[in-house]
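In the working numbering, the protein residues as written are 196 to 446.
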């Protein structure tokens with residue numbers, strides 16, 4: 196039996212049988228894979244901690260008949276503090292779910308894995324605006340699959356614009372002349388400049404961007420609908436984010 200050593204982040208898990216579970220991981224060698232962990236839910240299991248959501252580990256696996264089996268595991272970074280803060284947990288869960296929905300099985304994307312790890316490190320070790328982090332993460336994640344919205348001019352005539360309409364279905368901005376009779380979000384000059392800055396900024400430079408609450412809500416709506424259109428499914432974690440946001444606005 197051949198053993199394979201790789202690194203990966205646990206995206207999610209499901210319980211099977213009385214004490215086992217299947218974990219879905221984003222790995223450096225095979226991309227997204229499912230791995231059976233026998234006895235993972237037993238109180239004395241050596242894999243209990245290392246197979247929790249968010250854990251970044253070095254895994255040793257073997258190929259079974261249909262799934263991989265976990266043989267050994269060493270934690271590199273548990274990102275445990277995310278689990279102890281409701282806001283961080285909600286946003287962290289969103290990042291993992293989006294990655295899971297975007298990726299296909301057995302398709303390696305080291306840039307995506309790097310983006311996820313950097314984002315989780317920032318959530319764990321830095322005090323950042325989590326809404327802004329989500330917005331930047333959305334842009335960068337979607338761009339790694341060739342679906343970055345076209346923002347450098349009108350998506351149809353390619354002319355430079357200062358005001359236009361963002362089309363979720365067409366993935367870019369129309370100028371007033373080219374806008375067709377379909378729903379699109381009005382985008383003014385200031386908002387367009389913000390989108391361009393968000394598109395190009397590095398995660399470690401988030402403090403260089405200031406967005407007022409109204410504009411942030413508007414951009415979140417646009418980007419959430421764009422991602423939903425692209426992946427053609429709902430993200431359950433968005434409901435939790437919405438509930439937390441509504442609660443904070445009430446108190």
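Virtual Cβ for every residue (Gly too), placed ideally from N, Cα, C.
The residue among 285, 221, 404 with its C-alpha nearest the C-alpha of residue 318 is 285. In the structure shown, residue 319 falls within a helical segment according to DSSP collapsed to helix, strand and coil. Nearest to residue 409 by C-alpha distance, out of 336, 291, 327, 232, is 327. DSSP places residue 412 inside the alpha helix (DSSP H), whose first and last residues are 408-426. One alpha carbon belongs to residue 437, the other to residue 228, and they sit about 30 Å apart. With contacts defined as CB atoms closer than 8 Å, residue 291 and residue 207 qualify as a contacting pair. In this structure, DSSP gives residue 242 a state outside helix and strand, which the three-state scheme calls coil. By the criterion of at least three beta-carbon pairs nearer than 8 Å, the region 363-383 is not in contact with the region 296-308. At a Cβ-Cβ threshold of 8 Å, residue 250 and residue 205 count as neighbours. Residue 316 and residue 274 have their C-alpha atoms roughly 7 Å apart. Assignment of residue 375 by DSSP, reduced to helix, strand and coil, places it in the coil class.
When C-alpha distances from residue 312 are compared across 435, 417, 287, the shortest belongs to 287.
By the Cβ test, the region 356-364 is in contact with the region 372-387, since at least three Cβ pairs between them sit closer than 8 Å.
Annotation: the continuous alpha helix (DSSP H) that includes residue 445 extends over 431-445. Nearest to residue 349 by alpha-carbon distance, out of 343, 342, 357, is 357.
Spanning the alpha carbons of residue 427 and residue 419 requires a straight line of approximately 12 Å. Secondary structure in the region 260-341: the alpha helix (DSSP H) runs of 4 residues or longer, each lying completely within the stretch, are 275-278, 281-297, 305-320, 325-338 in chain order. The alpha-carbon separation between residue 283 and residue 435 amounts to approximately 12 Å. Residues 343, 422, 425 of the same chain have their beta carbon placed closer than 7 Å to that of residue 337, with the five preceding and five following residues left out of the count.
Distance from the Cα of residue 256 is smallest, within the candidate group 267, 341, 335, 248, for 267. Rounded to the nearest angstrom, the Cβ distance from residue 235 to residue 215 is 6 Å, consistent with a contact under 8 Å.
C-alpha of residue 278 to C-alpha of residue 352: approximately 48 Å in a straight line. Shown here, residue 356 sits in coil according to DSSP, grouped into three states, outside any helix or strand. The C-beta distance from residue 433 to residue 289 rounds to 7 Å, short enough to meet the 8 Å contact threshold.
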